Amino acid sequence: MTATEEDYIARERVAETKSEYLEGRLHAMAGGSPRHNLVVANLTIAIGALLRGKPCVVLTSDQRILVAETGLYTYPDLTIVCGGVNVHAQFDDTVVNPTVLVEVLSPSTEAYDRGAKFAHYRRIASLREVLFVWPDEPFVEHYGRGEGERWILCSLRGEATAVRLESVAIDVRIVAATNRDL
C-alpha cells in the first residue's frame, strides 16, 4: 500500500494496530509477547523514577518518532527526551528529538531492529544513546554516540547488570524476565 505522510498519520490516529512508515509504504508492527511487554514496563518504571527531577521525560511505545533525515516513522519501545519535547511541524503527536531510544528485542524483529532500523536511528541528530535489550537473559547492547558518525558499543551481560546512560546521567539495572515472572 502506497500512502502519503498525511494519509499515514491520519490512519495511525484511528488504527487499532501500529504501523511504521517509510517511502510511502506502511509496515505493520507485531504486538509484543507478555515477556517483552513486562521488560518494557519494568524499564519504563525504573527509568521514569531515575529521571525524576531531571529535565528529561520517558515516553512509552505508543509514542511515534520521526527520523527526519530518512523519513522513517516508528514506535521505539521506550524513548527518552531531554530539554523539552520537539514535535513535527505538521504532526504534533510525532516526536523529532529523542535523546535515548530503547528496543527490547524479539526473535521476529531482532535483525531489523539491530540492522536497518538502527541505521535510521543513527541519523537522528539529537540521539545520544541506543539500548538493545534481550528479554530472556540479562544482556544489553549499549551504543553511545562518539565523534561524528562514530557509535561505540558496550555489551553487558549478567545478573544485576547496570548500564550507564551518560546523556541522562543515570544507571539502569537490567534484569531479564523469568518464567516465574509470568
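Residue numbers (the working numbering): 1 to 182.
We treat Cβ as the ideally placed atom computed from N, Cα and C, and that holds for glycine.
Just so you know, these numbers come straight off a predicted model, no measurement behind them.
Assignment of beta-bridge partners to tyrosine 112 by DSSP yields no partner. Under the three-state reduction of DSSP, glutamate 137 is assigned to coil, being neither helix nor strand. In this structure, the beta-carbon distance from valine 100 to aspartate 77 does not fall below 9 Å. Under the 10 Å beta carbon count, proline 34 is surrounded by fewer than 16 other beta carbons and is classified as exposed. In this structure valine 67 touches tyrosine 121 by the C-beta definition: roughly 7 Å separates them, less than 8 Å.
If you look at isoleucine 47, you'll find it in the alpha helix (DSSP H) that goes 34 to 51. The secondary-structure analysis by DSSP pairs glutamate 129 across a beta bridge with Val100 and Gly144.
The three-state reading of DSSP puts isoleucine 124 in coil, since its state is none of H, G, I, E or B. DSSP lists no beta-bridge partner residue for threonine 70. Ranked by how close their Cα comes to the Cα of leucine 72, the residues Gly84, His88, Ile80 and Leu131 have His88 in first place.
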